[in-house]
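Student: Using UniProt numbering, the first residue of the sequence shown is number 1, and each one after it goes up by one. The beta-carbon is built from N, C-alpha and C at its ideal position, and this holds for glycine as well. The structure displayed is predicted, hence computed values, not measured ones.
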Amino acid sequence: IRHLFRHPVTVQYPEQRLNTSRRIRGNELIWSQEKCTGCGTCAKTCPLGAIEIITSTNLIENKYAVEQYQVDTGYCIQCGLCVEACPYEALHMGYAYERAKYRRGELVQTKEMMLESPDRQVSGYFYPELAEKLPKQTLLLEKITEKK
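(1) By how many angstroms is the C-alpha of His3 removed from the C-alpha of Leu81?
(2) Determine the closest residue to Asp72 out of Gly38, Val66, Asn58, Thr110, with distance taken between C-alpha atoms.
(3) From the DSSP output, which residues share a beta bridge with Ala90?
(4) State the Cα-Cα distance for the pair Ala65 and Asn58, rounded to the nearest angstrom.
(5) Is the separation between the beta-carbon of Lys44 and that of Tyr88 shorter than 7 Å?
(6) Would you kindly work out how many angstroms separate the C-alpha atoms of Glu98 and Ser32, rounded to a whole number?
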């Protein structure tokens, strides 16, 4: 009988959404074109080979130019090794976790799709200094205690 008087522990998803953890590993990668040098460390570190980089040499500036950068999220297991391996902090995990697609080809993220934007925030995963600036996680228990 005591269960009749308890507050619900669930929310009406997708209308109501809770903030996720500051250090979540979502299933999207956010890529910084300015910081990326095209060294390929992230692609070499990926255990499943989900990252593909094609670079060309820029003889004027004497560095690589990234022509193609894509991640097949169908193969990606969100282990975060690519983020940890990047020496230039050009790759971050994102918050998005709703990436269901109807066709396998739609799971490939190109560099244009991976650029940081206001609706694509970086996660604090592997970067604790970023985690302090992110919104606090919403816990269902906090919502229950606020109602009392």
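Tutor: In short, the structure shows the following:
(1) 44 Å
(2) Thr110
(3) The partner list for Ala90 (beta bridge, DSSP) is empty, contrary to what the question assumes.
(4) 6 Å
(5) no
(6) 22 Å
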